[in-house]
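Just add 831 to wherever you are in the sequence shown, counting from 1, and you've got this note's numbering.
C-beta: ideal position from N, C-alpha, C; glycine also.
Bear in mind the structure is a predicted one, so any value in this text is a computation, not a measurement.
Following: one structure in structure tokens, then a few remarks.
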Amino acid sequence: MNEEELLAIYKKEKYIFKAWGDYVKNTINGELIKEKIDLNIFLKIECNVRIKNEESLVQKALYRNKNYENPYNQITDKVGIRYVVLLNKDIKKINKIIEEIDIWEYSKDRDIVEERNNNPKVFDYQSDHYIVKNKESITLENNIIIPKNTPCEIQIRTLLQHSYSELTHDKLYKTVNLNNKSDRCVARCMALIEVVDDMYTEIDEIVSEKDQRYNDILSNLKIIYEKILTSENKDKFKEDYSENLNLYIIEELYELISNNILIKIKDTNNLDDIKYYEYDYHINTGYHKNKLYRQPIAILVYFILEENKENYIILNKLKDIWPSQHKFLKSFRTDLAIDL
């Protein structure tokens, strides 16, 4: 097959590859959305369908020492999509979706984890690569028919891996011979990227664990709080509730939350046995006077004050780190007859 024959076929079929790439992208994106993933946040670079340009196709098929028997059919990246995410764990989410979709067969041409395990001393270009081929022909809404076994390449990489690839792909990896200095510099970059990617993952795990603790506390405070609201205030609470405000104050006051307070917060199964009546009165009668009375965080503030009403070190600490207007804290102290 010569250049003219190769390009003649490709030009006729380009629209098919573009349609197939769009279909693959939309299918994967749809599954991500089903998992309540916000693509605007999750994807660090918009996922677009890329059609291989004609010059690259000719070079790869005929002039790059690939030794293809049937170059046109054996080239599997005539159409491709690329997902760029923040963390390695995000790559795994997309991998799982690709491998579970039933309309295509997939092959994993590159696996970062497997390559690291097989060659632990080697630091090289990283990106997960899949080739997916539809099991049966597909007729799209615009009557475009995707023939059976049409390939689409899918690349999944982190933002750091992507920056490395953008720098090196055309400048280095398509070069016939690299010099030792370039080789060494590339390996150092890749080693650094791998370390930073792992550190990002560790940071994410720490932050996620912290966020989960705060959310668990808020969830239980909300149960207690709604239990003591009057029906009138409970209706208003739906509009007044601010999750961000509650989580912010929990984070600011977290160092003052003792194990005993955590136990009280978690004990939501015996609410009728716990005496919240004093809190009940102050919260419901002052609901419109103090904006924090309209939030579950009020329960936590009462718990901290109640436990430390004679501990002036903690009370002064609370005053120092109080994250809102001090008139609101004064209202809580007045309710419990605690003065500073």
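*From this set, Arg913, Asp908, Trp851, Ile847, which residue's C-alpha is nearest Asn879's C-alpha?*
Position 48 of the sequence shown, counted from the first residue, corresponds to residue 879. For the residues Arg913, Asp908, Trp851, Ile847, the minimum Cα distance to Asn879 belongs to Arg913.
*How is the beta strand (DSSP E) around Ile876 delimited, first residue to last?*
To locate residue 876, count along the sequence shown from 1; it is residue 45. Looking at the DSSP string, Ile876 is not in any beta strand (DSSP E), and its letter there is neither H nor E.
*State the DSSP-derived secondary structure class of Asp959, mapped to helix, strand or coil.*
As a first step, residue 959 must be located in the sequence shown, where it is residue number 128. Reduced to three states, the DSSP call for Asp959 is strand.
*From which residue to which residue does the beta strand (DSSP E) around Thr907 run?*
Position 76 of the sequence shown holds residue 907. Counting along the chain, Thr907 falls outside any beta strand (DSSP E), and DSSP gives it neither H nor E.
*If you count every other CB in all the chains shown that lies within 10 Å of the CB of Leu1131, and 16 or more means buried, which is it?*
Within the sequence shown, residue 1131 is the residue found at index 300, counting from 1. Leu1131 should be labelled buried.
*If you draw a straight line from the alpha carbon of Lys979 to that of Glu967, how long is it in whole angstroms?*
The residue labelled residue 979 in the question sits at position 148 within the sequence shown. The residue labelled residue 967 in the question sits at position 136 within the sequence shown. The alpha-carbon atoms of Lys979 and Glu967 are separated by roughly 5 Å.
*Thinking just about the alpha-carbon of each residue, which of Arg1125, Ile1059, Lys920 is nearest to the one in Asp1071?*
Stepping through the sequence shown from its first residue, residue 1071 is reached at position 240. With distances taken between Cα atoms, Asp1071 lies closest to Arg1125.
*asked:* For a test of the three-state rule: what should DSSP assign to Glu984, helix, strand or coil?
replied: Position 153 of the sequence shown, counting from 1, holds the residue named residue 984. Reduced to three states, the DSSP call for Glu984 is strand.
*Taking just the CA atoms, how far does Lys1041 sit from Asn901?*
Taking the sequence shown and counting its residues from 1, the one referred to as residue 901 is at position 70. Taking the sequence shown and counting its residues from 1, the one referred to as residue 1041 is at position 210. Near 55 Å, if we compare the C-alpha coordinates of Lys1041 and Asn901.
*Coil, strand or helix - Trp935 by DSSP*: Indexing the sequence shown from 1 puts residue 935 at position 104. Trp935: strand per DSSP, three-state reduction.
_Asn948 (DSSP reduced to helix, strand or coil)_ = Locating residue 948 in the sequence shown gives position 117, counting from the first residue. Its pLDDT being 49, under 50, Asn948 is placed unreliably in this model, and the value from its coordinates should be taken loosely. Of the three classes helix, strand and coil, the one that applies to Asn948 here is helix, per DSSP.
*Under a Cβ-count criterion, where at least 16 other Cβ atoms within 10 Å of its own Cβ denotes burial, should Glu984 be classed as buried or exposed?*
The count along the sequence shown starts at 1 and reaches residue 984 at position 153. The residue in question, Glu984, is buried, as its Cβ has 16 or more Cβ neighbours within 10 Å.
*asked:* I want to know whether the stretch 884-898 touches the stretch 958-966 - three or more CB-CB distances under 8 Å.
replied: no
*asked:* Considering only DSSP beta bridges, list what Arg913 is partnered with.
replied: On the sequence shown, residue 913 is found 82 positions in, with the first residue counted as 1. Paired residue(s): Gln986.
*In chain order, which continuous runs of the beta strand (DSSP E) of length 3 or greater are located wholly inside the stretch 832-906?*
880-882
*Decide if Asn926 is buried, meaning its Cβ has at least 16 other Cβ atoms within 10 Å, or exposed.*
On the sequence shown, residue 926 is found 95 positions in, with the first residue counted as 1. Answer is buried; the Cβ neighbour count reaches 16.
*Identify, in the order they occur along the chain, each residue of the same chain with its Cβ nearer than 8 Å to the Cβ of Leu1160, setting aside the five sequence neighbours on each side.*
If you number the sequence shown from 1, residue 1160 lands on position 329. Correct list, in chain order: Val1132, Leu1149, Lys1150, Trp1153.
*Under the rule that 16 or more other beta-carbon atoms within 10 Å means buried, what is His1119, buried or exposed?*
The count along the sequence shown starts at 1 and reaches residue 1119 at position 288. Exposed is the call here.
*Specify the secondary structure class of Asp1035 as computed by DSSP and reduced to three states.*
Counting from one through the sequence shown, the residue named residue 1035 turns up at place 204. Helix, per DSSP.
_Cβ-Cβ separation, Tyr995 to Cys1016 (assumed contact under 8 Å), whole Å_ = Position 185 of the sequence shown holds residue 1016. Position 164 of the sequence shown holds residue 995. That belief does not hold up - the Cβ atoms of Cys1016 and Tyr995 are roughly 11 Å apart, past 8 Å.
*Thinking C-beta only, is Leu1049 closer than 9 Å to Ile1092?*
Taking the sequence shown and counting its residues from 1, the one referred to as residue 1092 is at position 261. Taking the sequence shown and counting its residues from 1, the one referred to as residue 1049 is at position 218. Not closer than 9 Å, so no.
*Taking just the CA atoms, how far does Leu1052 sit from Asp1029?*
Against the sequence shown, residue 1029 aligns to sequence position 198. Against the sequence shown, residue 1052 aligns to sequence position 221. The alpha-carbon atoms of Asp1029 and Leu1052 are separated by roughly 35 Å.
*Kindly provide the ranges of any alpha helix (DSSP H) runs that are 4 or more residues long and lie completely inside the stretch 1078-1157, ordered along the chain.*
1090-1097, 1108-1116, 1128-1138, 1143-1152
*How would you label His1113, buried or exposed, when you count the other beta carbons within 10 angstroms and need 16 or more for buried?*
In the sequence shown, the residue the question calls residue 1113 occupies position 282. Buried, by the Cβ-count rule.
*For His1157, does the count of other Cβ atoms within 10 angstroms reach 16, so buried, or fall short, so exposed?*
In the sequence shown, counting from the first residue as 1, residue 1157 sits at position 326. By the 10 Å Cβ count, His1157 comes out exposed.
*Please list, in chain order, all residues of the same chain as Lys849 whose beta carbon is under 7 Å from its beta carbon, the five residues on each side excluded.*
Here residue 849 refers to the residue found at position 18 of the sequence shown. Result list for Lys849: Val880, Ile882, Val910, in chain order.
*To the nearest angstrom, report how far apart Glu1063 and Glu997 are at their CA atoms.*
The residue given as residue 1063 occupies position 232 in the sequence shown. The residue given as residue 997 occupies position 166 in the sequence shown. Rounded to the nearest angstrom, the two C-alpha atoms are 60 Å apart.
_Straight-line gap, Phe1068 to Asn860 (C-alpha atoms, nearest Å)_ = Counted from its first residue, the sequence shown places residue 1068 at position 237. Counted from its first residue, the sequence shown places residue 860 at position 29. Looking at the two C-alpha atoms, the distance is approximately 36 Å.
*asked:* Using C-beta distances below 8 Å, list every residue in its chain close to Glu1137, excluding the 5 sequence neighbours before and after it, in chain order.
replied: As a working note, residue 1137 is residue 306 in the sequence shown. Counting only Cβ-Cβ distances below 8 Å, and skipping sequence neighbours, we find Leu1167.
*Could you tell me the distance, in whole angstroms, from the CA atom of Tyr1056 to the CA atom of Asp908?*
Residue 1056 sits at position 225 when you count from the first residue of the sequence shown. Residue 908 sits at position 77 when you count from the first residue of the sequence shown. Rounded to whole angstroms, Tyr1056 to Asp908 spans 57 Å at the Cα level.
_Close-in-space but distant-in-sequence residues of the same chain around Leu863 (CB under 8 Å, 5 per side omitted)_ = Sequence index remark: in the sequence shown, residue 863 carries index 32 (1-based). Answer for Leu863: Leu870, Phe873, Lys924, Ile925, Ile928, listed in chain order.
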